[in-house]
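K.L.:
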Amino acid sequence: MRPSGDERWLLTSKMPLRDDQGQVIGIVGIGHDITERKRNEEALQESHQHLLAALAELQDTQKRMVQQERLAAVGQLAAGIAHDFNNILAVITLYAQLALKSPELSEAIATRLRVILQQAKRAADLIQQIVDFSRRTMLERRPMDLLPFVKEQLKLLERTLPENIHVALQAKGAEFIINADPTRLQQTLFNLAVNARDAMSDGGELRIGLEHLVLKSREQASHPDLKPGTWVKLSVTDTGTGITPEVLQHIFEPFFTTKAPGKGTGLGLAQVHGIVKQHQGEIEIATRLEEGTTFNIYLPAISIQEVDTPAPAAEVLEMGQGECILVVEDDLSVRETLVSTLELLNYRTYQAMHGREALQLLESHPDEIALILSDYIMPEMGGRGLLEAVRERSLHKPMIILSGYPLLGELAELQAQGLTDWLLKPPEVEHLAHVLAQALKH
18 MRPSGDERWL
28 LTSKMPLRDD
38 QGQVIGIVGI
48 GHDITERKRN
58 EEALQESHQH
68 LLAALAELQD
78 TQKRMVQQER
88 LAAVGQLAAG
98 IAHDFNNILA
108 VITLYAQLAL
118 KSPELSEAIA
128 TRLRVILQQA
138 KRAADLIQQI
148 VDFSRRTMLE
158 RRPMDLLPFV
168 KEQLKLLERT
178 LPENIHVALQ
188 AKGAEFIINA
198 DPTRLQQTLF
208 NLAVNARDAM
218 SDGGELRIGL
228 EHLVLKSREQ
238 ASHPDLKPGT
248 WVKLSVTDTG
258 TGITPEVLQH
268 IFEPFFTTKA
278 PGKGTGLGLA
288 QVHGIVKQHQ
298 GEIEIATRLE
308 EGTTFNIYLP
318 AISIQEVDTP
328 APAAEVLEMG
338 QGECILVVED
348 DLSVRETLVS
358 TLELLNYRTY
368 QAMHGREALQ
378 LLESHPDEIA
388 LILSDYIMPE
398 MGGRGLLEAV
408 RERSLHKPMI
418 ILSGYPLLGE
428 LAELQAQGLT
438 DWLLKPPEVE
448 HLAHVLAQAL
458 KH
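Okay, here's the thing in structure tokens:
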């Protein structure tokens with residue numbers, strides 16, 4: 018250390034100085050100033066540490082990208098599966114609803130039909146899980162405060178979960194305003210609670226946490242998938258068995274499950290992932306074997322106060338006035354079911370297997386056909402192509418599209434091209450009747 022306080026590094030070599038009898042009478046030494054060399058070594062070591070950290074971050078990013086690409090690919094497959102299953106359900110549901118409206122129906126047959134509709138509803142709920150994962154759900158968002166919402170959900174969970182599981186809420190703050198679909202968030206909480214229950218077969222604690230997170234640019238490294246800004250963090254923690262690394266890398270893949278056959282679909286966490294992503298949120302997992310797991314959900318915070326939305330009016334069966342509707346559907350069973358439903362609603366029909374055949378009918382009966390009811394995905398020419406062709410020919414017919422999965426990114430473009438409305442398969446008879454009646458008024 019110099020008098021100025023400057024610290025220096027010295028490399029010294031010393032040896033004893035002896036007299037003629039071999040006794041040590043002094044020390045001879047040489048010192049070399051190696052301060053610059055030490056500083057270079059420290060700088061090199063620091064650079065090495067930075068390089069290792071950057072490499073680890075790159076590897077982590079690559080893993081996340083591979084997982085996201087894998088999930089996206091499975092999501093596209095899931096959307097296709099949902100479309101096909103909804104076609105099948107449309108036939109079952111519509112025919113059962115039509116049969117229930119028969120005046121000569123016995124109570125015994127009516128009871129069986131209601132069971133069919135109940136089971137079809139269960140199948141539709143299962144398909145909804147697939148659609149949620151594929152991020153194609155039509156969200157009904159509104160500003161909402163998560164605190165009273167979560168408190169209400171906890172009351173339901175306390176009645177649902179086993180008595181040996183204690184449920185607790187930890188809220189760091191008074192208001193947690195987000196723009197979200199309450200129904201989908203309820204499904205998210207329920208799925209995570211069921212996952213926690215299964216991880217705590219001998220009982221334990223389920224903790225729901227709420228807090229605000231203000232993420233600045235310099236803090237983003239701790240949450241690489243989050244953008245700087247204000248977030249609401251919803252955490253679900255269990256004291257269960259934890260998740261192994263092998264399971265963790267597949268945790269959000271649909272149909273992946275560690276449960277015994279018949280004990281689970283493997284869709285619960287995949288559905289959670291899809292719902293969170295569709296809310297422009299992120300989800301992270303922290304887990305330790307034999308200690309428990311925490312699912313942290315981050316949703317964008319907003320400053321708007323919660324607003325009340327009016328309850329939808331009860332739907333009434335609206336009958337047609339004998340108008341002619343062109344039904345365009347490549348699936349014969351679905352097409353015949355739609356025709357039967359429309360006839361019940363006092364409409365006449367023409368049928369086409371695809372868009373090109375529909376155009377031929379439109380050109381042959383331009384004054385008779387009052388509305389086009391078309392599937393979206395078909396061979397030869399689909400619903401989008403038919404809509405474009407109808408507008409190019411200036412036929413000025415209202416057109417409603419039926420789709421096996423929600424139209425999200427496509428909807429704005431289709432509406433700009435003149436689409437009147439769209440329906441998700443399988444439609445309720447009352448809702449179908451209402452949409453048709455409204456379209457024919459304009």
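In this note's numbering, each number is its position in the sequence shown, counted from 1, plus 17.
From the three backbone atoms N, C-alpha and C, an ideal C-beta is built for every residue, glycine too.
Please report the distance separating the alpha-carbon of I260 from that of A216.
P.N.:
Computed Cα separation, rounded: 9 Å.
K.L.:
Taking DSSP's pairing of strands, which residues face S3 in a bridge?
P.N.:
Any property of residue 3 remains undetermined from this structure, which presents the chain solely from 18 to 459.
K.L.:
List the whole-angstrom C-beta distance separating A116 from L130, where the pair is believed to meet the contact cut-off of C-beta under 8 Å.
P.N.:
Correct: roughly 5 Å between the Cβ atoms.
K.L.:
Between D242 and V211, what straight-line distance do the alpha-carbon atoms span, to the nearest angstrom?
P.N.:
Cα to Cα, D242 sits roughly 26 Å from V211.
K.L.:
Quick check: what's the CA-CA separation for G372 versus E397?
P.N.:
Roughly 7 Å separates the two Cα atoms.
K.L.:
Is G48 closer than 8 Å to L72 when the C-beta atoms are compared?
P.N.:
In this structure, G48 does not lie closer than 8 Å to L72 by Cβ.
K.L.:
Select from V351, A406 and L343 the residue whose C-alpha is nearest the C-alpha of I417.
P.N.:
Of the listed residues, the one whose Cα sits closest to I417 is L343.
K.L.:
In angstroms with no decimal places, state the Cα-to-Cα distance between R158 and N196.
P.N.:
Cα-Cα distance, rounded: 6 Å.
K.L.:
Could you tell me if R56 is buried or exposed, where buried requires 16 or more neighbouring beta carbons within 10 angstroms of its beta carbon?
P.N.:
Answer is exposed; the Cβ neighbour count stays below 16.
K.L.:
Under the assumption that I292 contacts T177 (Cβ atoms under 8 Å), give the Cβ distance between them as a whole number of angstroms.
P.N.:
Not confirmed; about 19 Å, so no contact.
K.L.:
Please return the same chain residues whose Cβ sits closer than 7 Å to the Cβ of P33, not counting the five positions on each side in sequence.
P.N.:
Hits under 7 Å: V41 and I44.
K.L.:
Output the distance between the C-alpha atoms of K118 and Q187, rounded to the nearest integer angstrom.
P.N.:
Each residue's Cα considered, the two are about 50 Å apart.
K.L.:
Note down the Cα distance separating A429 from L171, rounded to an integer number of angstroms.
P.N.:
So the alpha carbons of these two residues sit roughly 38 Å apart.
K.L.:
Can you name, in chain order, every residue of its own chain whose Cβ lies under 7 Å from the Cβ of G221, other than the five neighbours on each side?
P.N.:
Answer for G221: I182, D255, T256 and G257, listed in chain order.
K.L.:
DSSP on D215, reduced to helix/strand/coil?
P.N.:
Helix at D215.
K.L.:
Which same chain residues end up closer than 6 Å to L306 when comparing Cβ atoms and leaving out the 5 residues on each side of it in sequence?
P.N.:
If we look at L306 and ignore the five residues flanking it on each side, its Cβ neighbours are G259.
K.L.:
Could you check what DSSP says for N196 in three-state terms: helix, strand or coil?
P.N.:
The answer is strand: DSSP assigns N196 an E or B state.
K.L.:
Quick one: which unbroken alpha helix (DSSP H) runs of 4-plus residues sit fully inside the segment 162 to 210? Chain order, please.
P.N.:
Runs found: 163 to 177.
K.L.:
Mark Q338 as exposed unless 16 or more other C-beta atoms lie within 10 angstroms of its C-beta, in which case mark it buried.
P.N.:
Exposed is the call here.
K.L.:
Quick one: Cα of L388 to Cα of F207, how far?
P.N.:
Distance between the alpha carbons of L388 and F207 is about 42 Å.
K.L.:
Rounding to the nearest angstrom, what Cα-Cα distance links E353 and E308 in this structure?
P.N.:
Those two C-alpha atoms are separated by around 56 Å.
K.L.:
Which residues mark the beginning and the end of the alpha helix (DSSP H) in which H290 is found?
P.N.:
First-last of the alpha helix (DSSP H) with H290: G285 to Q295.
K.L.:
Checking 8 Å against the spacing of the C-beta atoms, do E340 and Y364 come in under that value?
P.N.:
Cβ atoms of E340 and Y364: closer than 8 Å.
K.L.:
Within a Cβ cutoff of 6 Å, which residues of the same chain sit near L424, ignoring the five residues on either side of it in sequence?
P.N.:
Within the same chain, L424 has close Cβ partners W439.
K.L.:
Do you know whose CA, among M395, F166, R54 and L379, lies nearest L227's CA?
P.N.:
The residue with the shortest Cα to Cα distance from L227 is F166.
K.L.:
Roughly how many whole angstroms lie between the Cα atoms of I302 and L349?
P.N.:
Those two C-alpha atoms are separated by around 46 Å.
K.L.:
Measure the C-alpha to C-alpha separation of H267 and F273 and round it to an integer number of angstroms.
P.N.:
Approximately 7 Å between the Cα atoms of the pair.
K.L.:
Can you say whether D392 is buried or exposed, counting buried as having 16 or more other CB atoms within 10 angstroms of its CB?
P.N.:
D392 should be labelled buried.
K.L.:
Given a threshold of 16 other Cβ atoms within 10 Å of its Cβ, counted over all protein chains shown, does D198 qualify as buried or as exposed?
P.N.:
D198 is buried by the Cβ-count criterion.
K.L.:
Where do the ends of the alpha helix (DSSP H) carrying P262 lie?
P.N.:
Where P262 is concerned, the enclosing alpha helix (DSSP H) stretches over P262 to L265.
K.L.:
What is the residue span of the beta strand (DSSP E) that K250 lies within?
P.N.:
Unbroken beta strand (DSSP E) run through K250: G246 to D255.
K.L.:
Quick one: residues in its chain with C-beta nearer than 7 Å to the C-beta of P329, no 5 flanking neighbours on either side, listed in chain order?
P.N.:
Low local confidence applies: a pLDDT of 49 at P329 is under 50, so the model's placement there is unreliable, with the coordinate-based value given in what follows. The answer is none, since no qualifying residue turns up.
K.L.:
Based on Cα-Cα distance, which residue from L453, T437, K189 and G421 lies nearest to N104?
P.N.:
Per the Cα distances, G421.
K.L.:
If you follow the alpha helix (DSSP H) that H229 is part of, which residue opens it and which one closes it?
P.N.:
Premise fails: H229 lies in the beta strand (DSSP E), G221 to L232, not in any alpha helix (DSSP H).
K.L.:
What does DSSP give as the partner residues of Y367 in its beta bridges?
P.N.:
Answer by DSSP bridge pairing, in chain order: L343.
K.L.:
Please name the residue in P20, I144 and A70 whose C-alpha comes closest to that of H100.
P.N.:
Measuring from the Cα of H100, the nearest candidate turns out to be I144.
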